[in-house]
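Enquirer: Input: one structure, supplied below.
Protein chains: 2
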Amino acid sequence: MDTEPPYFDANSEPLAARIATGLHKIGLAMKQQAWQQANTAGLSATQGQILATLVAGGPLSGSELSERLGVTLPTISDSVRVLVEKTLVTKSPDPRHPRASLLTPTPKGAELGARARSWPEFMADAVQDLTPEEQRAFFAGIVKMIRMLQEQGLIPLTGMCVTCKHFRPNVRTGPAPHHCALVDAPLSSDQLRLDCQEHERASETARREVWEQFLRRR
Amino acid sequence: MDTEPPYFDANSEPLAARIATGLHKIGLAMKQQAWQQANTAGLSATQGQILATLVAGGPLSGSELSERLGVTLPTISDSVRVLVEKTLVTKSPDPRHPRASLLTPTPKGAELGARARSWPEFMADAVQDLTPEEQRAFFAGIVKMIRMLQEQGLIPLTGMCVTCKHFRPNVRTGPAPHHCALVDAPLSSDQLRLDCQEHERASETARREVWEQFLRRR
DNA sequence: TGAAGTAACTTCGGACTCCTAAGTTGTCAA
DNA sequence: TTGACAACTTAGGAGTCCGAAGTTACTTCA
C-alpha cells in the first residue's frame, strides 16, 4: 500500500474477498435481527433457536441440539433448563441412549418455536428483489459454499440433500436432473433442501462421490 | 401441512426462504470462526472487530464504531476500555466534536487489527470453488441484498459504492458501465466496493435515484 | 451573561452467552 | 463387580449486550 488514492484496478480486493465482506455484513444484520426478535418474544436468542430447531426437526437430545446450533453442551444445558422452567419444553427419556433425554416443546413452546422459525424471513424479503434467475444463481452459490464449509467442519452435516443417503445427483437430463430416492421424485438444482427432516447422512466416501457427480454437468 | 411425507413439489419451501436458511447457516459458521480466531489471538470477538475496523477505516470515534459494528455505545465503550488497558489503542481528542475522542491503534494494536481483518478469509476460500461466473452472480445478489437491508435500517449505510456521492451508475455501455467520480475511473458491476474508505454518503433522494439507475439495464 | 439544550460519551446493574474443567449417573462389557 | 463410556449437569469466569442514569464540554437562545 502506498499513499496513492485507491483506483479501481487489479489492485482492488479480489471478488472472493468482497463476497466474504458482504456475507459478513449480512451476518451482522442477522445477528441483530435475531436478538431483537427474540427479545420481543420474551426469549433469548438461543432459546428461540432451540425452540425453532425442535419444532422443525422433531424431538432431539441435548447433544444433537449442541451440534446443530454450533454451541457446546453446557450452553445448551443452561438454556434448556430455563426453557423447562418456563414450561416451554419437556424432557423425556431417550430410548436410543441411556443417559440422554429427548426434548419436546409444549404447545406453548411449539407456538413460540413456529414463530421463531420465521425470524429469518426478513431476509427472504430482501431476496425478493432479485430476479428469479439471480435467485437461482445465488442459491447455487450458497449450496456450494455450505458444502465447502462442511468439509472444513464449520457447519454440521445436517439436512442438506447433497450429503444425504437418498440423493442421486445428475441421473437424467432436463430441468430436474437429480433424484430423491426416499420419496422417489425428480429434483431440480434449485429445489435442493438445506434442512430436510428426512435427511440421513451418507458415508464419507459416498458424500465425496455424490458431490463430484453433482458438480459434473449442469 | 398434513401428515404426508414431503414431496419435492410446489409445496416445498420457496427458494427465497431456502436462501435465507442458507445464509443463516453461513452466518453460524462466521460466528464460530470469529470467536475462535479472536480467542487464539488473545482477544474477544468484538475487540478483534474494533481493531480491524480501526485499521481498515482510519481513526474513528466511539459512536462511529458503534454504528459500523451494529452494537450500542455502552458495549463499545466497555470493549475500548479493555483495549486501552491492553495498550492496543489510544484515545485522542477529536477536533470535529467537543466530547468525542478519536481512537487510534498502537503499533501492536495495528498488527493485531491487520490480522483480524483476514478472519473472514476462510470464507473467501470457500468461494473459490465457484466458477467466476457464479461468483459474479453471487456478488450481484449480495449487493442487492445489502441494499435492501440498508433500506430497512438493518445495515449501516457505510462503504458501499451504490450509496456514495461519487458513484455514477450505468453511464456507458460495455463491461464497465459505472463510474467513480472521485478517482475518475470506470467501474464494472463486480468491481463495486462494499467497504471503500473514501465513501461519502449521498443524500436519501440521491441514493434512491442512483439505485434505480443502477438497476436499469445490466 | 447566563440558562437550557445537545452530543458524545461513561458508569452501573442485570440478563445472557459461551467456554473449560470437573463432577454425576445410568448402562454395558469384561 | 469393576471399569469404561456416553450424555449430560454444575461451577466458575470472561465477555457481550442492553437500557437507564450520570458527566461534561460546547452551543444556542433569551
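Sequence order for the protein chains is D and Y. Counting in my numbering, the first sequence runs from 1 upward without gaps. Counting in my numbering, the second sequence runs from 1001 upward without gaps. Backbone N, C-alpha and C define an ideal beta-carbon position, used for all residues, glycine too.
#1: On a Cα-Cα basis, can you pick out the residue from Y:Ser1203, Y:Gln1191, Y:Gln1197 that is closest to Ala17 (chain D)?
#2: If we define contact as Cβ-Cβ less than 9 Å, is Thr1163 (chain Y) a contact residue for chain D?
#3: By the three-class DSSP mapping on this structure, what secondary structure does Arg1168 (chain Y) have?
#4: Between the alpha carbons of Val71 (chain D) and Gln1037 (chain Y), how many angstroms are there, rounded?
#5: Between Lys91 (chain D) and Leu103 (chain D), which are expected to be in contact by the criterion C-beta below 8 Å, what is the C-beta distance as a whole number of angstroms?
#6: With a threshold of 16 other CB atoms inside 10 Å of the CB of Ser1079 (chain Y), please say whether the residue is buried or exposed.
#7: Within 10 angstroms of its Cβ, does Ala1181 (chain Y) collect 16 or more other Cβ (buried), or is it exposed?
#8: Can you list, in chain order, the residues of its chain whose CB lies under 7 Å from that of Leu1043 (chain Y), leaving out five sequence neighbours each side?
#9: Could you give the distance in angstroms between the alpha-carbon of Ala140 (chain D) and the alpha-carbon of Leu187 (chain D)?
#10: Along the beta strand (DSSP E) that carries Ser101 (chain D), what are the first and last residues, could you check?
#11: Is the Cβ-Cβ distance between Arg147 (chain D) and Met160 (chain D) less than 9 Å?
#12: 9 Å is my cut-off, CB to CB: does Ala1110 (chain Y) come that close to chain D?
#13: What residues from chain D crowd round Gln1047 (chain Y), counting only those whose CB sits closer than 8 Å?
#14: Kindly indicate which residue of D:Gly62, D:Gln49, D:Val127, D:Ile19 has the alpha-carbon position closest to the one of Arg99 (chain D).
#15: Measure the C-alpha to C-alpha separation of Arg96 (chain D) and Glu212 (chain D) and round it to an integer number of angstroms.
#16: Going along chain D in order, which residues have a C-beta closer than 9 Å to the C-beta of Val1055 (chain Y)?
#17: Quick check on Pro105 (chain D) - is its C-beta less than 9 Å from some C-beta in chain Y?
#18: What did DSSP end up calling Pro1186 (chain Y) once you bin it into helix, strand or coil?
#19: Find out if the Cβ-Cβ distance for the pair Leu154 (chain D), Gln1128 (chain Y) is shorter than 9 Å.
#20: Is the beta carbon of Gln152 (chain D) sitting closer than 9 Å to the one on Phe1138 (chain Y)?
Expert: In short, the structure shows the following:
#1: Y:Gln1191
#2: no
#3: strand
#4: 16 Å
#5: 6 Å
#6: buried
#7: exposed
#8: Leu1112
#9: 14 Å
#10: 101-105
#11: yes
#12: no
#13: Result: empty, since nearest Cβ-Cβ is about 16 Å, beyond 8 Å.
#14: D:Gly62
#15: 34 Å
#16: Correct list: empty, because the minimum Cβ distance to chain D is about 11 Å.
#17: no
#18: strand
#19: no
#20: no
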